[in-house]
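Since the structure comes first, as structure tokens, the remarks are kept for the end.
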Amino acid sequence: MEFAEAVHYLEQRIVFGMRPGLDRVAALTEALGRPQDSFPSVHVSGTNGKFSVVEMVRSMLSSLGLSVGSYTSPHLESVLERIQVGDAPIDEQSFAATLAYLRPYMEMVEERLAERLTYFELLTAMALEVFF
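This is how it looks when you write it as structure tokens:
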């Protein structure tokens with residue numbers, strides 16, 4: 001899968017409006033072996049200042065010699081900005097390869113739930129897999 005194809009595949013998943021619930025992403029992460037449980041994490045939420053806090057935490061942890069990944073939303077110029085390892089965004093080849101790896105799992109979960117995963121849910125799973 002090429003980067004442009006990966007972006008197109010994801011953009012087909014953009015759903016306007018809310019689709020609350022964790023069932024879809026929980027089913028996907030379960031199928032993947034719960035990668036979120038394989039590493040310690042810091043979850044930053046709130047209304048304002050999240051990106052600044054993420055950057056400060058990333059910088060502090062990196063200065064201690066730890067390997068740090070970050071997943072933020074939204075992106076400004078490229079979807080690659082959302083998933084970073086260290087201080088660099090994921091590259092196009094890794095982005096496409098990660099989505100290609102996850103695609104059979106995504107399709108299996110969608111078939112089982114009879115519901116499509118969203119853009120955000122797929123990107124979240126991609127980030128977890130990259131960090132794993």
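Under our numbering, think of the first position of the sequence shown as 1, with each following residue one higher. Virtual Cβ for every residue (Gly too), placed ideally from N, Cα, C. Source: prediction; values computed, not measured.
Under a Cβ-count criterion, where at least 16 other Cβ atoms within 10 Å of its own Cβ denotes burial, should residue i be classed as buried or exposed?
i      : result
Leu123 : buried
Glu121 : buried
Ser67  : exposed
Leu64  : exposed
Pro89  : buried
Val15  : exposed
Leu22  : exposed
Gln12  : exposed
Tyr101 : exposed
Would you call the CB atoms of residue i and residue j closer than 8 Å?
i      : j     : result
Leu99  : Thr29 : no
Tyr119 : Leu10 : yes
Phe3   : Phe95 : yes
Val53  : Ser70 : no
Name the residue from the options whose alpha carbon lies nearest to the alpha carbon of residue i.
i      : options                          : result
Glu107 : Ala27, His75, Arg34 and Ser62    : Ala27
Phe51  : Arg103, His75, Phe39 and Leu80   : His75
Ser78  : Arg19, Glu92 and Asp23           : Glu92
Leu61  : Gly86, Asp37, Leu80 and Asn48    : Gly86
Met1   : Arg19, Pro35, Pro20 and Ala97    : Ala97
Glu5   : Val109, Arg103, Glu110 and Arg19 : Arg103
Give the C-beta separation of residue i and residue j to the nearest angstrom, bearing in mind that I take them to be a contact with Cβ-Cβ under 8 Å.
i     : j      : result
Arg82 : Thr72  : 6 Å
Val7  : Ala125 : Val7 to Ala125, Cβ: 16 Å. No contact.
Would you say residue i lies against chain C (beta-carbon separation less than 8 Å)?
i      : result
Arg112 : Of the protein chains in the structure, only one exists, and it is not chain C.
message: Whether or not the region 36-53 and the region 111-121 are in contact is what I'm after, with contact meaning three or more pairs of Cβ atoms, one per stretch, closer than 8 Å; do they touch?
response: no
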